[in-house]
Amino acid sequence: MKYIEEFNDPELAKRLLEDIHATATRPWTMMEVCGGQTHSIIRHGIDQLLPGHIELIHGPGCPVCVTPLEMIDKALEIASRPGVVFCSFGDMLRVPGTDRDLFRIKSAGGDVRVVYSPLDALEIAQRHPDREVVFFGVGFETTAPANAMTVHEARRRGIRNYSMLISHVRVPPAIEAIMRAPHCRVQAFLAAGHVCSVMGTAEYPALADRFGVPIVVTGFEPLDILEGVRRTVRQLESGEHRVENAYPRAVREEGNPAARRMLEEVFEVTDRAWRGIGVIPASGWRLSKAFREYDAEHRFEVGGITTRESGVCRSGEVLQGLIRPNECEAFGTTCTPRNPLGATMVSSEGACAAYHLYRRLGGPARGTEPVREATSVG
Ligand code: SF4
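The opening residue of the sequence shown carries number 1 in full-length UniProt numbering; numbering runs sequentially from there.
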């Protein structure tokens, strides 16, 4: 297959690994802030092929996982109201709220539908003007433009029975929060290529300067990730801290101007709570005043919700890279993809789900001896 298999080539992977092994003379810790990259790293065993003193920490890069419990509970409250059609991507249906999930609402008779595009939800609204159709708009900068477009389109078509429950988040403020956290061990970032393909890289140089960290824009295939790690290690070893684009086939410095214009027109930046982390200033989007009438939180008045986090789930620590999923006592025992206790085990981008799917059942992989043969990439 063109443009995919080229990035799984074992020979090229071996050469990149040899370069990384030859360059890395000291322990370095870097974080990826993207669930897709986390899954690729674990699936291909990339972390196990790196020198033992290079540690990859999985950051809060799964959009489903960082959606705060309060927002999940608001979704459950809205979805259970009569006359509502609640539309969402499939991942969100099994994310546990305080005492139930969207599947539970659906099995109790709620009209909860899985859609593959936010525009599907808009179509449902157009076909059923007698119903209130709500789309659960969750995600990073990647999904935000398409979600913003539905609101724009709803206004253009005069569709009044459509609204969005929004929990969009932005990556750069999260990087800042991670670097300011008291026990932060992160020395460099692999920036998420898909986020940068929308937003560009303009926000990153200031972060790299302020915290003295290399930030390397990285893709998702095994060779992309190895190249991102290789460039990061080179910068760390030479004492540099620049923004580099290791994903030029998808990312331009200015990002996608049309998508950014849509975001600027429909959304405005706001403080946003991240599950397991807390409120991060300016880390999210909400509908701008001009489009506020499409905000489901206002339309359904779902304030005053009391949440109760699981006493067992340690996903907050997983999301901050403080523990690995298999260091949680519930991992693979009381918490499995079939019976998840936290969002990080539900989402296809969650770190706990990745560790379970690819059988990382043992203890931490930190500080292990270097594995020098490239045997499983590809
Ligand atoms: S394994 Fe389950 S309980 Fe533990 S942190 Fe992950 S989602 Fe939470």
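Beta carbons are placed, not taken as given, at the ideal position from N, Cα and C, and that holds for glycine. Given the structure is predicted, the values throughout are model-derived calculations rather than measurements.
Taking 3 residues as the minimum length, the beta strand (DSSP E) runs contained wholly in the stretch 88-132 are 111-114, in order along the chain.
The stretch 206-220 and the stretch 164-171 do not touch, with fewer than 3 CB-CB distances between them shorter than 8 Å.
Annotation: the continuous alpha helix (DSSP H) that includes GLY193 extends over 193-199. Between the C-alpha atoms of ASP91 and ALA353 there is a straight-line separation of about 12 Å. With the rule of 3 Cβ pairs closer than 8 Å, the stretch 313-332 does not count as touching the stretch 106-120. For the stretch 260-315, the full-length alpha helix (DSSP H) segments reaching 4 residues or more read 296-300 along the chain. Under DSSP, the beta-bridge partners assigned to CYS335 are PHE331. In the structure shown, GLU55 falls within a strand segment according to DSSP collapsed to helix, strand and coil.
One Cα belongs to PRO129, the other to GLU70, and the distance between them is close to 29 Å. For HIS168, the enclosing beta strand (DSSP E) begins and ends at 162-169. Placement of the Cβ of ARG314 at a distance of less than 8 Å from at least one heavy atom of the ligand SF4 is found. Distances between the C-beta of VAL66 and the heavy atoms of the ligand SF4 are all 8 Å or more. Classified as buried, PRO60 has 16 or more neighbouring CB atoms from the shown chains inside 10 Å of its CB. Judged by beta-carbon spacing, ILE20 lies beyond the 9 Å limit of PRO68, meaning their Cβ atoms are not closer than that value. DSSP places PHE211 in the helix class (H, G or I) of the three-state scheme. Minimum Cα-Cα distance from ALA174 among the listed residues GLU6, MET31, GLY332, ARG234 corresponds to MET31. With a cutoff of 8 Å, CYS87 does not count as near the ligand SF4, since its C-beta is closer than that to no heavy atom of the ligand. Between GLY284 and ARG272, the gap from beta carbon to beta carbon is short of 9 Å. With respect to the 9 Å criterion, HIS241 and ALA208 are classified as neighbours on the basis of their beta carbons.
Secondary structure note for GLU253: it is in no alpha helix (DSSP H), with a DSSP letter that is neither H nor E.
Under the three-pair Cβ rule at 8 Å, the stretch 178-198 does not count as touching the stretch 147-156. The residues ALA24, TRP28, in chain order, have a CB closer than 6 Å to that of ILE54 in the same chain once the five nearest residues on each side in sequence are set aside. Using a cutoff of 8 Å, the CB of PRO340 counts as near the ligand SF4, since one of the ligand's heavy atoms is closer than that.
For GLY311, the shortest C-beta to heavy atom distance toward the ligand SF4 is 8 Å or greater.
If you draw a 10 Å sphere on the C-beta of VAL279, you find fewer than 16 other C-beta atoms in it, and that means exposed. Here ALA343 is near VAL95, since their CB atoms are less than 9 Å apart.
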